[in-house]
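Below is one structure, written out as structure tokens; comments come after it.
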Amino acid sequence: MIMKQLISFIRKEFYHILRDKTTMLILLGIPVVQIILFGFALTTEVKNTHVAVLAPTNDEATQRIIDKLNASAYFDVVEQIHNTNEIQPVFRDAKAKLVVVFEDHFAEKIRHNGVAHVQLIADATDPNAATSFSFYATNIIAGYQQELMAETKNPYQITPEVKMLYNPQMIGAFNFVPGVLGMILILICAMMTSIAIVREKEKGTMEILLVSPMKPIYTILSKITPYFVLSCVNFATIMLLSVFVLKVPIAGSFISLVVVSLLYIFVSLALGLLVSTLTNSQQAAMLISGMALMIPVMLLSGMIFPIENMPLPLQWLSNIIPARWYISAVKTIMIKGLGMSAVLKEAGVLLLMSLVLVAASLKKFKVRLE
Amino acid sequence: MEDIKQHNPAKVIIAENLTKKFGKFTAVDNISFEVEKGEIFGFLGANGAGKTTAMRMLCGLSIPTGGKGEVAGYDIETQTELVKKNIGYMSQKFSLYDDLKVWENIELFGGIYGMKDAEIKEKTDKLMQLLNFENERDKLVGSLPLGFKQKLAFSVSIFHSPKVVFLDEPTGGVDPITRRQFWELIYDATSRGITVFVTTHYMDEAEYCDRVSIMVDGKIEALDSPKNLKKQFNAKNMDGVFQQLARKATRKAD
Amino acid sequence: MIKYLLKKEFKQILRNPFLPKMIFVFPFMVLMVFPWAASYEIKNLNLSVIDNDHSTYSHRLTQKIISSNYFRLTDVSPNYDKALKSVEKNESDIILEIPAHFEKDLVNRQGTKVMVSANAVNGMKGGIGMTYLVSIVNDFNMGIVQELMPVAPVGSSVPTVQIDSQYRFNPHLNYRVFMVPALMVMILTLLCGFLPAVSIVFEKELGTMEQINVSPVPKTTFILAKLIPFWIIGIIVISIGFLIAWAVYGLIPAGYFSTIYLFAAIYILTVSGLGLVISNYAQTLQQAMFIVFFFMLVFIMLSGLYTPIDSMPEWAKWIAAFNPLKHFMDVMRSVYLKGSNPLQLTTQLLALIGFAVFFNSWAVLSYRKKS
Chain A
1 MIMKQLISFI RKEFYHILRD KTTMLILLGI PVVQIILFGF ALTTEVKNTH
51 VAVLAPTNDE ATQRIIDKLN ASAYFDVVEQ IHNTNEIQPV FRDAKAKLVV
101 VFEDHFAEKI RHNGVAHVQL IADATDPNAA TSFSFYATNI IAGYQQELMA
151 ETKNPYQITP EVKMLYNPQM IGAFNFVPGV LGMILILICA MMTSIAIVRE
201 KEKGTMEILL VSPMKPIYTI LSKITPYFVL SCVNFATIML LSVFVLKVPI
251 AGSFISLVVV SLLYIFVSLA LGLLVSTLTN SQQAAMLISG MALMIPVMLL
301 SGMIFPIENM PLPLQWLSNI IPARWYISAV KTIMIKGLGM SAVLKEAGVL
351 LLMSLVLVAA SLKKFKVRLE
Chain B
371 MEDIKQHNPA KVIIAENLTK KFGKFTAVDN ISFEVEKGEI FGFLGANGAG
421 KTTAMRMLCG LSIPTGGKGE VAGYDIETQT ELVKKNIGYM SQKFSLYDDL
471 KVWENIELFG GIYGMKDAEI KEKTDKLMQL LNFENERDKL VGSLPLGFKQ
521 KLAFSVSIFH SPKVVFLDEP TGGVDPITRR QFWELIYDAT SRGITVFVTT
571 HYMDEAEYCD RVSIMVDGKI EALDSPKNLK KQFNAKNMDG VFQQLARKAT
621 RKAD
Chain C
625 MIKYLLKKEF KQILRNPFLP KMIFVFPFMV LMVFPWAASY EIKNLNLSVI
675 DNDHSTYSHR LTQKIISSNY FRLTDVSPNY DKALKSVEKN ESDIILEIPA
725 HFEKDLVNRQ GTKVMVSANA VNGMKGGIGM TYLVSIVNDF NMGIVQELMP
775 VAPVGSSVPT VQIDSQYRFN PHLNYRVFMV PALMVMILTL LCGFLPAVSI
825 VFEKELGTME QINVSPVPKT TFILAKLIPF WIIGIIVISI GFLIAWAVYG
875 LIPAGYFSTI YLFAAIYILT VSGLGLVISN YAQTLQQAMF IVFFFMLVFI
925 MLSGLYTPID SMPEWAKWIA AFNPLKHFMD VMRSVYLKGS NPLQLTTQLL
975 ALIGFAVFFN SWAVLSYRKK S
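Chains as they are written, first to last, in the numbering used here: chain A, 1 to 370; chain B, 371 to 624; chain C, 625 to 995.
Below, the structure is given as structure tokens:
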């Protein structure tokens, strides 16, 4: 009897959602768009940076270095300038982000004095990019130097052999996909659920439900179920896109991934529930979910900005954000290829969070009824 | 109240074969009628008969699918903005601003209809006295009880002395005493020369109108004074008239 | 007529329980917290060292790396497998393995190698960490060469290219200097995009819209009355931003405030216009909020706030060109850090004016008093 009632309520909830095609489209579309953007457009890698060169004496050494810079994917030499007055305008007019200044009589100085100077002037408006430019340029010039030394047959060569672990091609997506998962799931589960519940409260139909012979717990269950299903759909979508379009492999156990994701979904649903008990207006529910959930998730979960760089107080704050634990677990499983045993800590934290949140919201819910 | 007043023959509302279709569904089916200045014209019908749709066309809120209409001498399709300058409107759903005070709502709509500040202030004072709202003047409209709100909404709709005022189910959900007070306001308005076009599904209110039209399934099935209609249908009251017409509709649908 | 509508809008905003607080608290919160969290700086890389040589040279190399301040020694392992475990546990980011005979091979003029393995889950972090480590190794190499090479007359010593790095506009590489102006743009966008959008849909849902539609209020007047309050709010918000930037971060624009205000004024119109357009098409509050949210997300992602536009593929750059946020962000950063003036920013100016006109005209045209 109760099952039947429950199912009919769940069906009603589905109708609500399916009939608002616009919102549905957006909910299903956001992950796709994000994956595409993150996968193909967004990267912190330095590429095709415009470089201007100032070489008072154009000789074979400067030319070789310029060619090497051009040949690399990082830089495009776009302009030759002729005196130091032209440097500032190059930056002001955004013609280049890096200016390479060679000493005069460069090749000659190397031959005769054994040393010549190069100045790398970077536009440090974006300090991170600037340091990248400097380092990559430095490395390229160092490569030239190694060539020189090889030509002079240097027996004291220390050759570094490098290996990139887990993500040999340094695909940015590897780092972003877990973040996208974390954000989408909490968006759907927490934000949408809280808005749906509050909407019923606003319209007054919640009272009807509460007056019905169905226990409040079942009302809540019926509200949560469609969003649970929607999150699973999105999870599957993101996985499919990541594996087949972005070529991000699931190196570890898929089952562990699913388990951890389910845990996270529970936490998010519980969060949504809690938020819905806090307010009676849709606008407020959306604002709270937006402010208190989305923004901290984007910022402090490690989704975009690495946690280890943050000042300590923010790192502690990051610990109470469920997304942080989930994203870390996903990275470990998907990309490092490890199994459940490696993410016990994260799983434990998520489990604890979900229990606490569910208890809190049930309590608040009961209080409201009295 | 049953006597037909001597009207000025000027026609304030003219509807000619007005039709509104939504896809395959015809909400308003080829209706034609005229309303004279100073009349209280009742637009009756069951829910879903097409009353509100028809009214919205006359107010310039909805584009007719077919037919023509004229309100206050202006064409409802080609001179909509001129129509709007000369009418007042009170919708079914309360549509004053809950988060503005009583006097602020009045000032807003007075200003929108081109009244000068001095005039607005003067008339507001008068209105507050008339409605006995002096204590409510500074209250947020959202905090008023429903009856007050309805009276206020009506007063705002005629504040700028329009030629016609359209009222859509103005007394819904309100107690009988407040309803009576409301109709006193309506009479007051007509005595000042404002034509009142009112839709309702309260059949007793039909008795208060000069003439009444009854819409069934998008068509006008009857149009006359309440007295004549009761004679025509051999009914004791307007409710009886309506029942007969409504029964016709269900039978047609069979 | 517009003065009455404006009075109404302002009163409603001020009486709203949330809005006024949001307008002040939100910028404050974002600007106080974000800049500290938002940084891609790579520092404190955790290093695991496998020293199979235990020689003077191997110790020196390790010392040099640690004293560079980029790396912290968090693990010393006897073999690669153990070192890898520390990476798995996220205790180390990068492994350096020094082979046995490291010193001996160098002294015997045999040349040698080192193995570097970096955790590339975060590709950029791995790449940069690798680059740092390799450049330190190279530097160490140069030192060794100078030491071991027999002293010779000038001209046959090992050729060296001395590199000197200089950073313009932000010599201390302060990431906050970069983020704060960009964040102000983001805050402005969120507030001035969301709020007008919500405003019209809300009136639609309540029913007060109908009362306005049936009145002689012209479309343009109505839209203007919605725009102007948010325009003013936007200017207030950006001024608060300036205040916080100065008080908390000591940031003052290298250029003129008036330049920023000029562009801000146009930008706010653009974003509000877009919000109003969405509002005209959405049926419910929820729809409006979600559509705006979607646009904001895409705009913010493709604006250069998080990742540089230059690194994007062509098609993404094209989309970014149509992103008003990107243009305004360029302006903010250029004026704050480089001191640019409007003449140097004509592309952005024209783009923003174009967008403002486009969106607002669309808003007026798509606002239907009749249906």
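Just so it is clear, CB atoms sit at the ideal spot from N, CA and C, and this is done for glycine as well.
The structure displayed is predicted, hence computed values, not measured ones.
- Neighbours of C/Asp934 across chain A, judged by C-beta separation under 9 Å: Val46, Lys47, Asn48, Thr49, His50, Lys97, Ala129.
- Proximity to A/Asn175 across A/Ile81, A/Ile26, A/Pro249 peaks at A/Pro249, based on C-alpha coordinates.
- For secondary structure counted as the alpha helix (DSSP H) over 4 or more consecutive residues, the region 588-615 of chain B holds these complete runs in sequence order: 596-603.
- Interface with chain B (8 Å Cβ-Cβ cutoff): C/Asn837 is included.
- Note that the C-beta distance between C/Ile847 and C/Val988 is below 8 Å.
- Identification of residues in the region 838-871 of chain C having a C-beta nearer than 8 Å to some C-beta of chain B yields Val838, Ser839, Pro840, Val841, Pro842, given in sequence order.
- Taking 8 Å as the cut-off, the beta carbon of C/Ala871 is found no closer than this to the beta carbon of C/Leu629.
- For B/Glu504, the CB contacts under 6 Å within the same chain, skipping 5 residues up- and downstream, are Met498 in chain order.
- Boundaries of the alpha helix (DSSP H) harbouring C/Gly747: 747-772, taken from the DSSP string.
- With contacts defined by Cβ atoms closer than 8 Å, C/Pro641 and C/Val861 do not form a contacting pair.
- Two segments are said to touch when three or more pairs of C-beta atoms, one from each, lie closer than 8 Å; by this definition the region 755-769 of chain C touches the region 129-145 of chain A.
- Comparing C-alpha distances from C/Lys627 to each of B/Glu474, B/Phe392, B/Met608 shows the shortest one belongs to B/Glu474.
- A straight line joining the alpha-carbon of A/Val101 with that of A/Gln169 spans about 32 Å.
- The beta-carbon separation of A/Thr49 and A/Asp76, rounded to 7 Å, stays under the 8 Å limit for a contact.
- Close CB contacts of A/Ala96 within its chain, under the 7 Å cut and outside five residues either way in sequence, are with His50, Val51, Ala52, Val78, Glu79, Val90 (chain order).
- Its chain contains Phe764 as the residues whose beta carbon lies nearer than 6 Å to that of C/Leu685, once the 5 sequence neighbours on both sides are disregarded; these appear in chain order.
- What C/Lys828 touches in chain B, judged by beta-carbon distance under 9 Å, is nothing: the nearest beta carbon there is about 11 Å away.
- With the criterion set as a beta carbon lying under 8 Å from some beta carbon of chain B, the members of the region 625-637 of chain C are Met625, Lys627, Tyr628, Leu629, Lys631, Lys632, Lys635, Gln636, in sequence order.
- Taken in chain order, the complete beta strand (DSSP E) segments of 3 or more residues contained in the region 426-474 of chain B are 436-441, 457-460.
- Close to chain A, meaning a Cβ-Cβ distance shorter than 8 Å, are the following residues of the region 733-749 of chain C: Arg733, Gln734, Gly735, Thr736, Lys737, Val738, Met739, Val740, Ser741, Ala742, Asn743, Ala744, Val745, Asn746, Gly747, Met748, Lys749.
- Neighbours of C/Ser995 in chain B, taken as residues whose beta carbon is under 9 Å from its own, are Arg426, Leu431, Ser432, Ile433 in chain order.
- Taking the Cα of C/Met656 as reference, the smallest distance to any Cα among A/Lys364, A/Pro313, A/Val356 is reached at A/Pro313.
- Nearest C-alpha to A/Phe9 among A/Ala347, A/Ile288, A/Leu209: A/Leu209.
- Of the candidates A/Leu69, A/Leu187, A/Pro178, A/Gly29, A/Pro178 places its Cα closest to the Cα of A/Lys336.
- Under the Cβ criterion of 8 Å, C/Tyr873 is not counted among the residues facing chain A.
- CA-to-CA, the gap between A/Pro296 and A/Ile321 works out to about 8 Å.
- Contact with chain A is found for C/Glu712, since one of that chain's Cβ atoms lies less than 8 Å from the residue's Cβ.
- With 16 or more other Cβ atoms inside 10 Å of its own Cβ, A/Tyr166 counts as buried.
- For C/Leu708, the closest of A/Ile238, A/Lys163, A/Gly114 by C-alpha to C-alpha distance is A/Lys163.
- In this structure, DSSP gives B/Lys509 a state outside helix and strand, which the three-state scheme calls coil.
- A/Leu120 and C/Ile666 do not touch by the CB rule: their CB atoms are close to 18 Å apart, not below 8 Å.
- Exposed is the label assigned to A/Val356, since fewer than 16 other Cβ atoms lie within 10 Å of its Cβ.
- Look at the beta carbons and you see the region 703-721 of chain C touching the region 667-678 of chain C: at least three pairs across the two are nearer than 8 Å.
- Here C/Met936 is near A/Ala41, since their CB atoms are less than 8 Å apart.
- Counting the other CB atoms within 10 Å of its CB gives C/Tyr991 a total of 16 or more, which places it among the buried residues.
- C/Phe983 is classed as buried because its beta carbon has at least 16 other beta carbons within 10 Å across all chains shown.
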